[in-house]
Every structure is written in C-alpha cells, then in structure tokens.
Amino acid sequence: MGPVTAGVLQALALIGALALAHIPLGNHMVRVYTSPRHLRIEKWIYRGIGAYPDTEMRWPAYLRGVLAFSFAGVLFLYLLQRLQGVLPGSLGFDSVAPAQAFNTAASFVANTNWQSYYGEQTMGHVVQTAGLAVQNFVSAAVGMAVAVALVRGFARARTGELGNFWSDLVRGVTRVLVPLAVVGALVLVACGVVQNFSGIHEVGQFTGGVQQWNGGAVASQEVIKELGTNGGGYFNANSAHPFENPTPFSNLFEIFLILLIPVALTRTFGLMVGSVRQGYAVLATMAALWIGFVALMMWTEFAHPGPAPQAAGGAMEGKELRFGIGGSSLFAVTTTLTSTGAVNSFHSSYTGFGGGITMLGMMLGEIAPGGVGSGLYGMLIMAVVAVFIAGLMVGRTPEYLGKKIGPREIKLAALYILITPALVLVFTSLSMALPTPPDSMLNPGAHGFSEILYAFTSAANNNGSAFAGLNADTDWFNTTTGLAMLLGRFLPMVLVLALAGSLAAQQPVPATAGTLRTEKPMFSGLLAGAVLIIVGLTYFPALALGPLAEGLA
621 MGPVTAGVLQ ALALIGALAL AHIPLGNHMV RVYTSPRHLR IEKWIYRGIG
671 AYPDTEMRWP AYLRGVLAFS FAGVLFLYLL QRLQGVLPGS LGFDSVAPAQ
721 AFNTAASFVA NTNWQSYYGE QTMGHVVQTA GLAVQNFVSA AVGMAVAVAL
771 VRGFARARTG ELGNFWSDLV RGVTRVLVPL AVVGALVLVA CGVVQNFSGI
821 HEVGQFTGGV QQWNGGAVAS QEVIKELGTN GGGYFNANSA HPFENPTPFS
871 NLFEIFLILL IPVALTRTFG LMVGSVRQGY AVLATMAALW IGFVALMMWT
921 EFAHPGPAPQ AAGGAMEGKE LRFGIGGSSL FAVTTTLTST GAVNSFHSSY
971 TGFGGGITML GMMLGEIAPG GVGSGLYGML IMAVVAVFIA GLMVGRTPEY
1021 LGKKIGPREI KLAALYILIT PALVLVFTSL SMALPTPPDS MLNPGAHGFS
1071 EILYAFTSAA NNNGSAFAGL NADTDWFNTT TGLAMLLGRF LPMVLVLALA
1121 GSLAAQQPVP ATAGTLRTEK PMFSGLLAGA VLIIVGLTYF PALALGPLAE
1171 GLA
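Here it is in structure tokens:
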C-alpha cells in the first residue's frame, strides 16, 4: 500500500468513526443541557461554590460568571506555578518565572495551551495535574457553555434568559468531558501512553551528556488535551513524543478525540433549535472546509518538488516516520482547524504552502469544526453574516432561524470577526517594527516573518500550536502572546453572549416564500464562501509576505 493510499484510508476511517459517534453523543449533550435534574455530585459542587443552578441568567449575569470563573483560574494557576519550588512533587524544578507563569496561566485558562517552555524540564507533577490538567477540563466546559447559551438565544423567544452558567459549566465537566476522558485514557494506556508519577531517570550516556526522561500522568492529560481541544503537551515534543502518541493507531484516535465534540455539537444545535437539518447544514459546511484543507495539505506535502522529498516519497522533514505524511497532514489540518494546538510534526518544517495552510486554518476562526464550543458559536456568527449578505442581494431583511438580523445583531457579528485579525496583525506588526523581538526569529526573510505571524495567529485564535524556530520565552513574547490569548478568548465571548441575549428577546417571525432556506446546500455553499472571502480579504497581505512568498520562491 502506497503512502498516499494509506493517508486517504486514514481520513475515510476517521470520517466513519465520527459518523458513528455523531448522533448518540449529540443526543446525549441535548439531554445534558436541558435536563431539570442535577446529579448528586453536581449538587455537592454547587453547594461548595455557592451557586444556584436553577436560577436563569440574562446575558450580563452569564458573562459575569464566565469572566469571574476564568479570572479566578488565571490567578490560581499563576500562584501555583510561582510556588512550585516549595510544593511536593515538583521533581526538583524551580518556581516558574513571572512572565512565563502569566503566559502559561493565561494560555491554559483561555483554552489555548501555548507553551514557551519545555514541559518535561519546567513543570512538576502537581502543576501538571492540579493546575494544567484541571484547566484542560474547565476551559473546554466554558467554551461549551457559551455555545449552548448562543443556541438558546436562537431557540428561545421574548426572554433575555440564557440558562445558568454554573449549571452549564458543571454539567459539561461531569456528564460529558470526564466520562469520555476516562474511556479515552484507558484506550491511550492500552496503546502505550504512560500514566505514572515517576521521577527523572537517566537512560543512557550520549555524546554531550546524559539523556534524562521523566514520566507523569500523561495519558489522563493527553486525552483531555485532545478531547477539550486544548493542546498543551506533557513533553516539549507534544504529540510527536512516543510517551504521548506511540503508534499510528493512537495518532488516529487522538485526531478522532479532537473532532468528536465539535462535530457532535452540530446535532445538539439542530435538536435544540427544533431542526436537525439546520445542524446538518452547519456540519456540511464544516466538513467541506475540513476535507478541502486535508486534500490541499496532502497534495502540497506529497508532491513537493526537489530531490530529497522525491527520494523520501514527500516532504518528510519534521515528520515522524511512524505517522508518515498522511497521518501528519491529518493531524496538522485538524489541530489548526480546531483550537487544539497539539502537534505530531513541526509545522515550521512543512513546505511553504503547507505552513500557509496551517496558518489559514487558524485564520478562518477555527470553525471547521472548530474548538469545543468555540467552533460552533464561531460558525453561527458567520452564518449570521452570510444571511445578512444574502439579504442585501435580494433586498429583504435578513433572518436566521426565525430571528431578524438587525443593526444590533450585525454590529455584534462584525465586531466578533474583526477582533482576532486586529490582535494578530497589530501584535505581529509591533514585533517586526521594534528592535529586539525579531532577534527571536531563527530564520531570516519570509520564513522568519511566518514564525512571528504564526505565533500571534495561534495565540489570538486560542490555538496554541507553534511554528517552531521562534524563541518565544522572552518577556516581550510571553507578555504579548498572553494578552493576545486573553483578549482573543474573552472579547469574542462578550459579543457572543450579547448577541444571544438580543436574539432570545426577539419574537420569532414566520417563514414566508421569500425566506432564505438556511438548511439547504445552497446556504452551506454561501456560508463556506463567506468564510473564505472574509478571511482572504483580511489576511491575504500578511500571508503574501510570509508563506506565499516562501512557497513561490
């Protein structure tokens, strides 16, 4: 079997597995977020945090819950890192420096998991498990809660109430993420992923010194880093490390985990708004974009010219032999079209166009199918914009799911779309214009520019993957990427919840002969076109200076 055929078969197997899980998991999440009953453990949690789970919240109260919980998470994780040197289970590591501790705290709370440190040489067992792994669960649950609040905005009428944030948060953890993570961790352990609290071991004498390895609760963190579209690796090599991702099967299983909840949430959306076909229309758009990106990535990596790639059967630099180009391309596209950030190969080593594809996936807003929760609400924002464009074309007031898209709604959607590009382009421009930040680039020219562009694209879009080559462990990059992660995560959430409140207060309008049928393939095509055109117009000049210039050269 050739490598191209193997890559295609992996993609088909992945699609089949997701199709089997789509309906049962989507139905389960509907029950999770609509059931009036609370589990006993959930009642204990509510009493412990002083929450009243049956109290409905309007969007400002829901937002205050999101921000207060997230701020507390940043503060706790920052202090945990600063105190690491005196904590048990630190493996002898010192406390984390202030700038890096801020960056890491912002990163994991914002569901970004950008890492400017070597995991196996910086974080001990306590910080890894009590700090980073916990945030992998709760930051994912926050994204799911915000998405469900927006769906309620479409589904409800003449009320500003969007549910209860604390109930949505706790249920997302206890009824969705924890059960799936337990099963997934057992599968990863069976595949050979390590799960222990081992110390540091010397494994042999090599030229230049002794190599040291340490173990850890890797499988339990690996599963939620993928399932929650987080991405932070226990080791610096992330999912290329054999302790995190040892076999081709574990590689495909981890890709499946990344896509599982975002894909199933489209069915949850369809059922909650009373039209499964609306959910399928959104899923079709996501799937078309994902398949297109996978095909482009495999083409550019398999067909790259030059004697070395031709001898190796493709551009193998920076890729693991056990995964090959097919498994690496699937992982790279999936991790950048979601807000995951995990890597099983090094994107800086991809071809010029291949590196551009990974960047473009993040620039789309990571909506195909996107992060846990954030992918769904990002695509629904784009759907609002698409129906507005269609309304302009035919000269009638745009409507989506029976709700009119008026000036307030389109302003909120437009601001949502503009925030992330503004963060990416402003911080990239400052980093290139100031005298010292360019010193962090490993490569000159277009590739060096791509390193910085990729870093801020990854940070502002809450992705977390790195282009490699860039020394991001400086005060400048720790501070600016930390700010980009926090602003890129929570400013869009403000707009999403404000939009949800505006929609929930409306009285639905009946469909007429002139109503745009948003469950039809034509609308899916319009939606995909709007996504590509808006992103292309926004980012094309920056892409032309980086990956496009490198690819054409």
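Following my numbering, the numbering of the sequence shown begins with 621 at its first residue and continues without gaps. Cβ atoms here follow ideal geometry from the backbone N, Cα and C, with glycine treated the same way.
query                                                                                                                     : result
Local Cβ density within 10 Å of Lys-845, reported as buried at 16 or more and exposed below that                          : buried
Beta bridge counterpart(s) of Ser-965 as assigned by DSSP                                                                 : Lys-939
Per-residue burial, Pro-989 [other beta carbons within 10 Å of its own, 16 or more giving buried]                         : buried
Minimum C-alpha distance to Ala-626 - residue among Leu-880, Gly-1134 and Phe-922                                         : Phe-922
Three-way DSSP call (helix, strand, coil) for Gln-832 in this model                                                       : strand
Continuous alpha helix (DSSP H) stretch holding Met-1113: start and end                                                   : 1095-1124
Neighbourhood of Leu-711 by C-beta, 7 Å cutoff - its chain only, sequence neighbours within 5 removed                     : Gly-744, His-745, Gly-819, Ile-820 and Asn-834
Burial state of Asp-788 (16 or more Cβ within 10 Å)                                                                       : buried
Heavy atom of the ligand FMN within 7 Å of Phe-1047 beta-carbon                                                           : This structure lacks the ligand FMN, and indeed carries no ligand of any kind.
Which of helix, strand or coil DSSP assigns to Lys-1140                                                                   : coil
Asp-788 - containing alpha helix (DSSP H), residue span                                                                   : 785-791
8 Å Cβ cutoff met for Met-999 and Ala-952                                                                                 : no
Endpoints, alpha helix (DSSP H) assigned at Arg-702                                                                       : 679-702
Cβ-based neighbour list, Gly-995, same chain, cut-off 7 Å, excluding 5 preceding and 5 following                          : Pro-882, Thr-958, Glu-986, Ile-987 and Pro-989
Reference Gly-947; option with closest CA among Arg-887, Ala-1162 and Phe-873                                             : Phe-873
Nearest-angstrom Cα separation, counted from Arg-702 out to Gly-894                                                       : 49 Å
6 Å Cβ shell around Ser-968 - same chain, five flanking residues per side excluded                                        : Phe-1087, Ala-1088 and Gly-1089
Option nearest Ile-1153 by Cα separation, candidates Met-983, Val-803 and Ala-692                                         : Met-983
Among Asn-858, Pro-862 and Leu-1165, the one whose alpha carbon lies nearest that of Arg-942                              : Pro-862
Beta-carbon gap between Pro-623 and Gly-944 smaller than 8 Å                                                              : yes
Spatial distance of Thr-1048 from Ser-655 (CA atoms)                                                                      : 45 Å
Residue from Leu-634, Gly-763, Val-762 and Gly-783 whose Cα sits closest to the Cα of Arg-772                             : Gly-783
Reduced DSSP secondary structure (H/G/I, E/B, other) of Tyr-1020                                                          : strand
Separation of Thr-956 from Ala-721, as counted between CA atoms                                                           : 25 Å
Whether Trp-734 touches Ala-1079 by CB criterion (8 Å)                                                                    : yes
Straight-line gap, Leu-903 to Pro-1112 (C-alpha atoms, nearest Å)                                                         : 22 Å
Per DSSP, the bridge partner or partners of Glu-781                                                                       : Arg-678
Beta-bridge partners of Glu-822, as assigned by DSSP                                                                      : Gln-832
Nearest-angstrom beta carbon gap, Gly-938 and Ser-965 [assumed within contact, 8 Å]                                       : 5 Å
Neighbourhood of Val-1007 by C-beta distance below 7 Å, restricted to the same chain and skipping five residues each side : Pro-1018, Glu-1019, Tyr-1020, Ile-1025, Leu-1136 and Thr-1138
Cβ-Cβ separation, Phe-757 to Gly-899 (assumed contact under 8 Å), whole Å                                                 : At roughly 25 Å, the Cβ-Cβ gap does not stay under 8 Å, so Gly-899 and Phe-757 are not in contact.
Contact under 8 Å by Cβ, Ala-719 with Met-1105                                                                            : no
Rounded straight-line distance, which links the Cα of Arg-778 to that of Ala-860                                          : 51 Å
Within 8 Å, strictly: CB atoms of Leu-1165 and Phe-1076                                                                   : no
At least three beta-carbon pairs within less than 8 Å, the stretch 681-697 to the stretch 749-769                         : yes
Cβ-based burial, Leu-1157 [other Cβ within 10 Å; buried from 16]                                                          : exposed
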